[in-house]
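In my numbering, the protein residues as written are 381 to 559.
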């Protein structure tokens, strides 16, 4: 297993069991954790991972789950049926199964995003997708053709055909005004 250990001193990698078949290493329950440049933690787990020794920086993941610290004490949680982690770039591509929208992103601040694919750049603190997205909030829903999370999780931008539905009853008392 190769993860550029001399260039990633704050990264930890663990695996329950591994097998070598030709040029491919199959890992059971791989777990990668570390800290981003801003000191916030991240963790990536999967039910299995495959690394080809000819492309040692890439790990194909199945049934992945990731957590990334944002803000002071908030967290983004990601889940996807499959993905690829690039340890050289601190970058992860997440994909749904077929055309299903089963990549999910949720936050401790109360929103959930469902989409077909997403890319996460751990160094830059960004997440983006050029696929249609549905964002659910306690007070409404937003759909769009694509989206991006920037500012280390603080800014969510929607592009394309953006449709917002807000439910005023759920906003009562939250906007600083009362009826």
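Beta carbons are placed, not taken as given, at the ideal position from N, Cα and C, and that holds for glycine. On a predicted model such as this, the values are computed, not experimentally measured, just so you know.
Residue interval of the beta strand (DSSP E) (run including residue i)
{"i": "residue 501", "result": "497-501"}
{"i": "residue 646", "result": "Given a span of 381 to 559 for the chain in the structure shown, any question on residue 646 remains unanswerable."}
{"i": "residue 471", "result": "471-475"}
Rounded separation between residue i and residue j - CA only
{"i": "residue 465", "j": "residue 413", "result": "12 angstroms"}
{"i": "residue 445", "j": "residue 505", "result": "17 angstroms"}
{"i": "residue 404", "j": "residue 410", "result": "15 angstroms"}
{"i": "residue 499", "j": "residue 522", "result": "20 angstroms"}
{"i": "residue 418", "j": "residue 451", "result": "10 angstroms"}
{"i": "residue 449", "j": "residue 549", "result": "31 angstroms"}
{"i": "residue 539", "j": "residue 400", "result": "44 angstroms"}
{"i": "residue 431", "j": "residue 438", "result": "6 angstroms"}
{"i": "residue 494", "j": "residue 501", "result": "18 angstroms"}
{"i": "residue 383", "j": "residue 503", "result": "Because residue 383 sits at a pLDDT of 44, beneath the cut-off of 50, its placement in the model cannot be relied upon, and the point is left open."}
{"i": "residue 484", "j": "residue 472", "result": "14 angstroms"}
{"i": "residue 559", "j": "residue 547", "result": "Any answer about residue 559 is weak, because its pLDDT of 39 lies below 50 and its placement is not dependable; what the coordinates show is given next. C-alpha separation (whole angstroms): 14 angstroms."}
{"i": "residue 557", "j": "residue 519", "result": "Unreliable positioning characterises residue 557 in this predicted model, as indicated by a pLDDT of 46, which lies under 50. The coordinate reading is nonetheless provided below. Their Cα atoms are separated by approximately 15 angstroms."}
{"i": "residue 497", "j": "residue 459", "result": "11 angstroms"}
{"i": "residue 507", "j": "residue 532", "result": "9 angstroms"}
Sub-7 angstroms separation of residue i and residue j beta-carbons
{"i": "residue 516", "j": "residue 492", "result": "yes"}
{"i": "residue 441", "j": "residue 468", "result": "no"}
{"i": "residue 543", "j": "residue 536", "result": "no"}
{"i": "residue 509", "j": "residue 481", "result": "no"}
{"i": "residue 406", "j": "residue 454", "result": "no"}
Report task. Please specify which runs of the beta strand (DSSP E), each continuous and at least 3 residues long, are wholly inside the stretch 386-469, giving them in chain order. Result -> 392-394, 397-401, 404-408, 411-415, 421-425, 428-432, 438-450, 454-466
Query raised in the report: If you scan the stretch 497-545 from start to end, which runs of the beta strand (DSSP E) of 3 or more residues do you find wholly inside it?
Result: 497-501, 506-509, 513-517, 520-524, 526-530, 535-539
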